[in-house]
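Residue numbers (this note's numbering): 26 to 127.
In this text, a Cβ means the ideal position worked out from N, Cα and C, and glycines have one as well.
Take a look at the structure set out below.
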Amino acid sequence: MHPVIAAHKSAIDELCRRHCVRRLELFGSAAGKDFNPAAQDMDFLVEFDAGADINAFEAYFDLKQSLSSLLGCPVDLVMPSAIRNPYFRASVESSREALYGA
């Protein structure tokens, strides 16, 4: 786990609970050893709790903004259902790192 993530793990968990996140995973360059938050963004795979009474649009963008503010770098959120390209899916699968699971 990258030190930036480790330093904010409890706050990330709280954001996930507040936004009814079922699962949050880090993937891509941010999951690697050479990640530089000053020069790169962090990519997250996110699943929201389908049974929760939330506005998915608001939850998505508020979580994105909150993570970016907390971590001090741009954040991209990708929902698994949005991944259609098999090459991109394979890339995500090969680098994903679980951060939160409700």
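Item                                                                                                          : Value
CA nearest to the CA of Ser54, picked from Arg42, Met67, Lys34                                                : Met67
Contact the stretch 89-99 vs the stretch 29-44: 3+ CB pairs below 8 Å                                         : yes
Ala81 classed as buried or exposed, judged by whether at least 16 other C-beta atoms fall within 10 angstroms : exposed
Burial state of Glu6, where buried means 16 or more other Cβ atoms lie within 10 Å                            : Residue 6 lies beyond the residue range present for the chain, which begins at 26 and ends at 127; the question has no answer from this structure.
Among Ser120, Leu124, Ile79, nearest to Lys58 - alpha-carbon criterion                                        : Ser120
Leu70 - partner residues in DSSP beta bridges                                                                 : Glu50, Val103
Burial state of Ala56 (16 or more Cβ within 10 Å)                                                             : buried
Nearest-angstrom Cβ-Cβ length linking Phe73 and Ala84, presumed shorter than 8 Å                              : 6 Å
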